[in-house]
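Structure record follows, encoded as structure tokens.
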């Protein structure tokens with residue numbers, strides 16, 4: 018005798034039973050894809066659908082656990098170009114399978130056996146569910162594609178991220194793309210040193226007008242860079258005045274040679290070896306701040322936003338003292354305005370904005386505003402950090418934002434902009450590095 022069940026072999030003349038059965042199957046198709054087929058029809062298709070769904074759920078749980086326990090390892094794999102491509106393919110494959118499961122569920126639900134009102138409701142739920150799934154899948158594929166393009170554009174370096182004495186050191190430059198690559202003189206120069214284990218960061222600000230600069234042993238600039246040239250002139254010097262100083266660096270524009278010259282200057286001034294650079298395009302800066310939803314800054318005193326010549330100032334607004342939430346344009350003016358203040362005040366404000374951005378750059382912000390951040394990033398940042406370093410950088414950024422940032426500004430009155438006492442600089446750098454390790 019064959020065992021009868023209301024789901025597999027219902028009494029098709031019982032309209033209330035058929036209506037309840039149809040609703041069960043439609044809901045199960047959304048909650049547990051493949052189960053309607055296992056219960057009522059094509060069990061082979063059901064096993065494929067339900068098995069695929071179980072694998073996806075298990076994979077998502079495993080990814081969540083992995084990201085909680087080893088963020089660097091997870092992001093290194095998850096943000097690999099092949100992983101992202103495979104994920105796009107899997108999403109498309111799953112959507113096609115789910116559409117097939119939905120159509121088959123709709124067929125086996127036999128909605129022709131239910132009253133017209135219920136039939137219309139079942140059809141509407143199915144169509145809305147299909148549309149929502151297709152729209153969500155399209156968004157996910159686009160999201161992943163944006164991530165892949167972003168990381169391909171930003172991270173062009175090769176190899177692994179190199180730690181120097183247990184720290185990752187980056188030259189942070191702020192410049193205008195409008196100035197062009199030729200003759201570029203960075204508006205701001207800093208060395209960011211991050212402890213490889215704790216993520217504690219130290220930021221050392223170098224005045225752009227500092228001169229003469231100290232240069233490390235082995236630098237092609239040593240012995241030839243004029244004493245009268247300032248710290249921000251290295252790029253211009255090797256790309257326009259004395260070319261060919263870095264014959265091992267081959268690039269058509271000379272950009273990388275100019276960057277290496279700036280690395281050498283930063284290394285000499287701070288006494289730290291600086292393998293990597295991050296260049297912030299100040300014209301793209303406001304886009305990034307807006308993409309992050311703005312930044313909160315503690316303004317110590319009223320500041321007028323002024324530019325123009327020394328004899329003719331142009332007023333562009335102001336900001337009042339107190340905690341202020343700034344959009345991109347306001348934050349850019351706050352970081353750059355110097356006509357009514359000193360260069361040293363401007364450096365302090367830039368440091369405030371940098372630290373606020375680090376605090377704002379949370380994983381939650383990255384996820385919720387990713388599309389805007391991805392669109393703003395190519396106009397905002399350029400780096401030679403290796404492609405394989407993404408995982409380590411994400412992990413470090415997550416640690417750094419939870420810790421206080423130690424800062425050192427090599428500015429008057431403690432540090433004059435000319436003829437520095439290098440032993441005093443070395444002691445100050447050693448102190449800020451020690452404090453960023455939790456020592457001292």
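In our numbering, the protein residues as written are 18 to 457. For each residue, glycine too, the CB sits at the ideal point set by N, CA and C.
Cutoff 7 Å; reference residue i; Cβ partners in own chain excluding five residues on either side
i, result
"residue 247", "225, 226, 227, 228"
"residue 351", "314, 320, 336, 343, 366, 370"
"residue 150", "112, 115"
"residue 167", "391, 394"
"residue 50", "66, 67, 70, 115, 118"
"residue 373", "312, 313, 314"
"residue 445", "425"
"residue 301", "393, 396, 397"
"residue 273", "266"
"residue 245", "228"
"residue 25", "56, 57"
"residue 402", "172, 174, 178, 293, 410"
Endpoints, the beta strand (DSSP E) within which residue i is located
i, result
"residue 307", "Careful: residue 307 lies outside any beta strand (DSSP E), inside the alpha helix (DSSP H) at 299–308."
"residue 187", "184–192"
"residue 172", "172–174"
"residue 425", "423–426"
"residue 399", "398–403"
"residue 313", "312–316"
"residue 208", "205–212"
"residue 222", "218–223"
Burial state of residue i (16 or more Cβ within 10 Å)
i, result
"residue 72", "exposed"
"residue 29", "exposed"
"residue 199", "Low confidence applies here, because residue 199 scores a pLDDT of 49, under 50, leaving its location unreliable; read the following figure in that light. Residue 199 comes out exposed."
"residue 128", "buried"
"residue 175", "exposed"
"residue 277", "buried"
"residue 48", "exposed"
"residue 457", "Below a pLDDT of 50, predicted positions are generally treated as unreliable, and residue 457, at 38, falls in that range; the measurement from the model is reported next regardless. Per the 10 Å Cβ criterion, exposed."
"residue 94", "exposed"
"residue 212", "buried"
"residue 184", "buried"
8 Å Cβ shell around residue i - same chain, five flanking residues per side excluded
i, result
"residue 387", "160, 163, 164"
"residue 375", "218, 414, 417, 418, 422"
"residue 295", "187, 188, 189, 190, 209, 398, 399, 400, 402"
CA-to-CA distance, residue j to residue i, given in whole angstroms
i, j, result
"residue 360", "residue 391", "32 Å"
"residue 140", "residue 155", "22 Å"
"residue 142", "residue 79", "31 Å"
"residue 257", "residue 203", "15 Å"
"residue 234", "residue 282", "11 Å"
"residue 422", "residue 74", "39 Å"
"residue 147", "residue 55", "20 Å"
"residue 424", "residue 90", "29 Å"
"residue 218", "residue 41", "56 Å"
"residue 346", "residue 338", "17 Å"
"residue 83", "residue 126", "40 Å"
"residue 442", "residue 435", "13 Å"
"residue 64", "residue 110", "16 Å"
"residue 241", "residue 263", "13 Å"
"residue 439", "residue 251", "19 Å"
"residue 348", "residue 104", "37 Å"
"residue 134", "residue 108", "34 Å"
"residue 43", "residue 136", "12 Å"
Closest by C-alpha distance to residue i, when choosing among the options
i, options, result
"residue 62", "236, 119, 76", "119"
"residue 459", "374, 331, 230", "In this structure the chain extends from 18 to 457, so residue 459 is not present and cannot be described."
"residue 289", "430, 220, 301", "220"
"residue 169", "338, 101, 447", "101"
"residue 292", "210, 240, 249, 299", "210"
"residue 124", "178, 134, 109, 53", "53"
"residue 46", "121, 93, 31", "121"
"residue 340", "316, 262, 331", "316"
"residue 207", "213, 189, 214", "189"
"residue 452", "216, 368, 354", "216"
"residue 399", "298, 39, 214", "298"
"residue 138", "39, 249, 243, 213", "39"
"residue 280", "260, 307, 238", "238"
"residue 192", "96, 181, 205, 331", "205"
Residue-chain proximity (residue i, chain C), Cβ-Cβ < 8 Å
i, result
"residue 351", "Among the chains of the structure shown, chain C does not appear; only one protein chain is present."
6 Å CB neighbourhood of residue i in its chain, flanking five on each side removed
i, result
"residue 377", "309, 312"
"residue 305", "393, 397"
"residue 284", "233, 290, 291"
"residue 33", "none"
"residue 261", "none"
"residue 454", "212"
Residue i, enclosing alpha helix (DSSP H) - first and last residue
i, result
"residue 285", "272–287"
"residue 440", "439–452"
"residue 341", "That residue, residue 341, is in no alpha helix (DSSP H); its beta strand (DSSP E) goes 339–343."
"residue 79", "60–86"
"residue 370", "360–377"
"residue 46", "32–48"
Check: residue i C-beta below 7 Å from any heavy atom of the ligand ADP
i, result
"residue 429", "Inclusion of the ligand ADP in the displayed structure is not the case, the ligand content being empty and no account of it being possible."
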